[in-house]
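Trainee: Mind having a look at this structure? Questions to follow.
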Amino acid sequence: MAFILFYDGLCPLCEKEVSHLLKRDKEKRIQFEDISLPDFPERYPELNLDDLNARIHGQLEDGTMITGLDVTHKAWSLVGVGWLYAPLRWPVIRWFADHFYLFFAKHRYRISYWLTGKERCEGNRCDISARSSKK
């Protein structure tokens with residue numbers, strides 16, 4: 138079983154990060170699951186969509202759920218560049234990084250608009266959904 142990364146497929150910035158991860162995930166160590174797809178609640182009825190939408194979640198191979206920047210660090214570690222995100226998990230920096238991430242997650246659509254000109258993906262769907270379903 139691969140590491141499962143639950144992401145918001147309607148968020149342009151989230152789509153960009155997942156797109157970069159997909160390109161680097163040559164060994165298919167990550168299973169990408171878009172929480173905005175209509176059939177998501179049927180496939181994962183045990184998961185709370187509001188919780189998943191509040192921050193990024195990931196499921197380790199043993200079934201343990203992790204959230205926030207722990208997910209980001211794990212995903213990038215699996216594709217060989219975890220060292221880029223490792224400082225965000227160091228004591229003291231971790232506290233600040235986690236609080237900043239929570240702010241980002243809450244306001245990701247507005248931040249996406251400021252950075253990309255798109256608040257949500259056009260047609261309520263990002264390109265990543267088509268690419269991740271081809272895996």
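First residue of the sequence shown: 138, per this note's numbering; consecutive thereafter.
Idealized CB from N, CA, C, for every residue including glycine.
(1) Nearest-angstrom Cα distance between I167 and L221?
(2) Measure the alpha-carbon distance for W232 versus T204 and round it to whole angstroms.
(3) Given a threshold of 16 other Cβ atoms within 10 Å of its Cβ, counted over all protein chains shown, does P175 qualify as buried or as exposed?
(4) Return the residue from the list C258, D207 and E152 that minimises the CA-CA distance to L239.
(5) Taking its Cβ as the centre, do 16 or more other Cβ atoms sit within 10 Å of L158, making it buried, or is it exposed?
(6) Can you tell me which of the three DSSP states E170 falls into?
Mentor: In this structure, then:
(1) 18 Å
(2) 14 Å
(3) exposed
(4) D207
(5) buried
(6) strand
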